[in-house]
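In my numbering, the protein residues as written are 231 to 405. Here the structure comes first, spelled out in structure tokens, and everything after it is commentary.
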Ligand SMILES: [Zn+2]
């Protein structure tokens, strides 16, 4: 091998090394770009997911509004599409059931709701402290002496007439 050949070989080797280094650098750069792109995608996806959630909420509340308008018309005997009557009457039934359940809860809490303004009041209130409307008088459960059938004295703890104690079981049956 003469010098010229040696130089050529070295040059060729050097070029090959350069190419390899370039290829490796390029690949590294691309993969780094991919990582950046991937994390950008993740951010973009989570932004879009949040947008989907918010639009879904908007959709639900708009559908709810349509339902409310239709139900209100149905309750006011205004014509609605016959296809919607079944749903509207289901809503009306559910509202009634909810009313009844809420009334039961109020009763258990010894509360009532003002029919005028909707304020929650104690059962003992005759007038609403909020709007002044007269309230339905709540009748306290009458507790009749239960031990002696002839004794009709109404007392809670002990009947003063026959002195029999009214037990709790009998009291709770009073409504
Ligand atoms: Zn009121």
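Glycine is no exception: its CB is placed at the ideal position from the N, C-alpha and C atoms.
Look at the alpha carbon of residue i and the alpha carbon of residue j, and state the distance between them as a whole number of angstroms.
i, j, result
"residue 350", "residue 309", "35 Å"
"residue 266", "residue 284", "27 Å"
"residue 386", "residue 367", "Because the pLDDT at residue 386 is just 45, under 50, the model does not fix this residue reliably, and the value given afterwards should be weighed accordingly. For residue 386 and residue 367, the distance between alpha carbons rounds to 20 Å."
"residue 249", "residue 234", "22 Å"
"residue 324", "residue 330", "10 Å"
"residue 294", "residue 287", "10 Å"
"residue 337", "residue 313", "38 Å"
"residue 289", "residue 299", "16 Å"
"residue 322", "residue 301", "7 Å"
"residue 240", "residue 270", "44 Å"
"residue 261", "residue 236", "37 Å"
"residue 242", "residue 256", "21 Å"
"residue 319", "residue 264", "57 Å"
"residue 307", "residue 276", "47 Å"
"residue 282", "residue 317", "27 Å"
"residue 365", "residue 359", "10 Å"
"residue 238", "residue 259", "31 Å"
"residue 272", "residue 247", "37 Å"
"residue 304", "residue 268", "53 Å"
"residue 315", "residue 342", "32 Å"
"residue 332", "residue 355", "19 Å"
"residue 327", "residue 274", "45 Å"
"residue 311", "residue 334", "35 Å"
"residue 291", "residue 254", "55 Å"
Here's a check: name, in chain order, each residue in its chain whose Cβ is nearer than 7 Å to the Cβ of residue i, leaving out the five neighbours to either side.
i, result
"residue 340", "352, 353"
"residue 279", "none"
"residue 232", "none"
Within the continuous beta strand (DSSP E) that includes residue i, where are the two ends?
i, result
"residue 343", "341-343"
"residue 317", "Note, residue 317: premise wrong, no beta strand (DSSP E); alpha helix (DSSP H) at 312-338."
"residue 309", "Careful: residue 309 lies outside any beta strand (DSSP E) and carries neither H nor E."
For residue i, which residues from the same chain have a beta carbon less than 8 Å from its beta carbon, with the 5 sequence-adjacent residues on both sides left out?
i, result
"residue 363", "344, 345, 346, 347, 357"
"residue 297", "317, 321"
"residue 252", "none"
Taking the continuous alpha helix (DSSP H) assigned at residue i, which residues delimit it?
i, result
"residue 290", "233-305"
For residue i, which residues from the same chain have a beta carbon less than 6 Å from its beta carbon, with the 5 sequence-adjacent residues on both sides left out?
i, result
"residue 245", "none"
"residue 361", "346, 347"
Residues proximal to ligand 1 by C-beta, any heavy atom closer than 5 Å: Residues lining ligand 1 by the Cβ criterion, that is a Cβ closer than 5 Å to any of its heavy atoms, are 344, 346, 347, 349, 358, 360, 361, 363 in chain order.
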